[in-house]
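Protein chains in written order, with full-length UniProt numbering: chain G, 1 to 319; chain V, 1 to 319. The block underneath contains the structure these notes are about, expressed in structure tokens.
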DNA sequence: CCAACCTGTGAGTATTTGCCCATCCTCGTA
DNA sequence: TACGAGGATGGGCAAATACTCACAGGTTGG
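Right under this line is the structure:
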């Protein structure tokens, strides 16, 4: 008499045969049913079994395949709502190559929507590069709001504030923030934020449907420092306090917690919009930014990420 | 054979994405269409493209009892070092279905080795189909050497000479044989073989660690004849002399002995490498090739075989 | 011995996929 | 600028596939 195991092994054999006929030989299930002398439904079950039992392996031989794979893992590892991985070009030192195009594509996906949306934009080199990749289009029904001030320390318009570029290219209504990135004191910040126009912009930012931000590192070449928004002493103090990165000027430590005190008391940027009710996408890559990106993901300061293969690997490598 | 259309890299990227989403992530084409922002029909086209371009590879990972059994019996009956049996699809007239994938898998096993190897390759339709299934990989440390000439009777590159395809896909160093498959005379062959470069290639072939060859039949549609390497008269003469098959152009009789005289005096291919010190794998199946395969196994012209169920049965049935 | 249970089956039905065709867009040419 | 070839697109439809359900045959445990 046949034991259950033998029967099941036989069944797996049949499943393997059916799977082979289906996937490798390209038969239809009807043909398989005829060949194996069973009903089409049974054939379907066998084919299905061959997949669910892992008898059939499918592999994608294309550079993109690796990106998709990394993306899926990142998405589940950090419970992200959006992940986009672009192939790395190890030869190119550019911090924006590929990323800019991918970021622009994602921004355009939102702009193409017919229903009016509020799109919040941070600042930084990566974001600027992405905006430059945007296809000009007519989107007067959307609103684009800046999360950060657009006044550089010397009083001029901050170079890497990109809100005007966006509004220009896509013809949407724009809401810049006529503020310094970092106020001179907490009091000044409060004063500025209480101005009616700015208050409205802040409220608009809080209701953004989608947000795109860059991630800044706080190493020796921290963009905040290089662009003169913070002094060397302030940078050192932040580093000492454990800061590993910043979003729109908000410095945070390796846990993703905002650093208390220091420059954070004076950052005039809008708070990062809710990750519960909206999508906040970080666009960033690179060794230097890795700790910052990881921290932001861990504490869910963002729930979307556009990065490259190498960075994705780095994010998955640890822990 | 369909002419190779130049397809933009971007489209292949998209195809890869779609293929990944479909086969790996298990999305429906509707979902893919939504995610990529295209119509379902376009998604379907991309998925289909990813298969037809060979981006998606499917492999059956299960020892089907019947194939294992046949394989074990063949292995012991003919003292083989390697046997691989794939399921048969009795209805399909294709001479390569399934076999190509299995052959590619075995070739890949060798290519994946870290130590440098010399891999010799014969010629033929089956082998070409197998090569097309190879996954691109970087193997500059291996050497791939052709056993047969790559010049067709009309002077062009022989279509079924596959050495270039291999080298291309796996980036290894390749050693083709700039020779006709069959020289016009024994003298010409000697002359050609004495050329330094060719001599070196021949010596390399003799030292191959592993060899993959097809088996040609010598019936009315013998590939050697169909491809114009031998005349009808020569084919008839070979048949009369008892030839039942050929490896790389070397015709042999039912005992597996090389036919003396006739075209064998002029075959410009390298001799089949040693079965004592290396692995020589025949990849072949089909009723027509049965006598040839049997003869080659009997006299141990090869010590490895990749074939299908039906052929395996045929080999075991007689004697 | 019987009832509960499990496995596998076929029928019917909803969903998904493959393919044809009209149309649109692009680009080279007259 | 007009025009035609060639390729991409999306609608529609038939084929193929996946899923649900009720039931048959056999096993298990009382």
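Note that beta-carbon positions come from the ideal geometry of N, C-alpha and C, so glycine has one too.
In the pairwise beta carbon analysis, the segment 75 to 84 of chain G is classified as not touching the segment 40 to 53 of chain V: fewer than three pairs are separated by under 8 Å. Pairing residue 134 of chain G with residue 211 of chain G gives a Cβ-Cβ distance that is not under 8 Å. The segment 276 to 294 of chain G and the segment 308 to 316 of chain G touch, with no fewer than 3 CB-CB distances between them shorter than 8 Å. Non-local C-beta neighbours of residue 81 of chain V in its own chain, meaning closer than 7 Å and more than five positions away in sequence, comprise 279, 303 and 304, ordered along the chain. Residue contact with chain G for residue 95 of chain V: absent (no Cβ-Cβ distance below 8 Å to any residue of chain G).
The beta-bridge partner set that DSSP reports for residue 86 of chain V consists of V:308. In the three-state DSSP reduction, residue 246 of chain V falls in the strand class (E or B). Interface residue (Cβ-Cβ distance to chain V less than 8 Å): residue 272 of chain G is not classified as such. The criterion of a C-beta distance shorter than 8 Å is satisfied by residue 55 of chain G and residue 60 of chain V. Following the DSSP letters along the chain, one finds residue 197 of chain G inside the alpha helix (DSSP H) bounded by residues 196 to 206.
Comparing alpha carbon positions, the residue from G:100, G:132, G:296 and G:229 closest to residue 153 of chain G is G:229. Of V:83, V:218 and V:62, the smallest CA-CA separation from residue 72 of chain V is found for V:83. Burial of residue 251 of chain G is indicated by the presence of at least 16 other C-beta atoms within 10 angstroms of its C-beta. Per DSSP, reduced to three states, the secondary structure at residue 43 of chain G is helical.
Looking only at G:199, G:98 and G:57, the smallest Cα-Cα distance to residue 67 of chain G is reached by G:98. Within the same chain, no Cβ atom closer than 6 Å to the Cβ of residue 168 of chain G is found once the five residues on either side in sequence are excluded.
Residue pairing of residue 147 of chain V in beta bridges, as defined by DSSP: absent, with no partner found.
Nearest in C-alpha terms to residue 274 of chain G, of all of G:31, G:301 and G:248, is G:301. Assignment of residue 209 of chain V by DSSP, reduced to helix, strand and coil, places it in the coil class. With a contact defined as Cβ atoms closer than 8 Å, residue 13 of chain G and residue 85 of chain V miss out at about 13 Å. DSSP, read as helix, strand or coil, puts residue 303 of chain G in coil. Per DSSP, residue 218 of chain V lies in no beta strand (DSSP E) and is assigned neither H nor E.
Between residue 120 of chain G and residue 208 of chain G, the gap from beta carbon to beta carbon is short of 8 Å. Contact between the segment 18 to 26 of chain V and the segment 45 to 55 of chain V is present: three or more C-beta pairs spanning the two stretches fall below 8 Å. Ranking V:205, V:57, V:156 and V:62 by CA distance to the CA of residue 16 of chain G puts V:62 first. Within the segment 30 to 60 of chain V, the residues whose Cβ lies closer than 8 Å to some Cβ of chain G are 37, 50, 54, 55, 56, 57, 58, 59 and 60, listed in chain order.
For residue 293 of chain G, the enclosing alpha helix (DSSP H) begins and ends at 290 to 298. For residue 57 of chain V, the three-state secondary structure derived from DSSP is strand. Residue 76 of chain G: member of the alpha helix (DSSP H) spanning 63 to 77, first to last residue. Of all residues in the segment 59 to 77 of chain G, only 59, 60, 61, 62, 63, 64, 65, 67, 68, 69 and 72 come within less than 9 Å of chain V when Cβ atoms are compared, listed by chain position.
Residue 13 of chain G has a beta carbon lying within less than 8 Å of a beta carbon in chain V. Of V:31, V:179, V:163 and V:180, the smallest CA-CA separation from residue 172 of chain V is found for V:163. Around the beta carbon of residue 195 of chain G, fewer than 16 other beta carbons sit within 10 angstroms, so the residue counts as exposed. Using beta-carbon distances, residue 17 of chain G counts as an interface residue toward chain V, with a partner under 8 Å. Ranked by Cα distance from residue 157 of chain V, the first of V:140, V:176, V:144 and V:170 is V:176. In the structure shown, residue 253 of chain G adopts extended strand secondary structure according to DSSP, grouped into three states.
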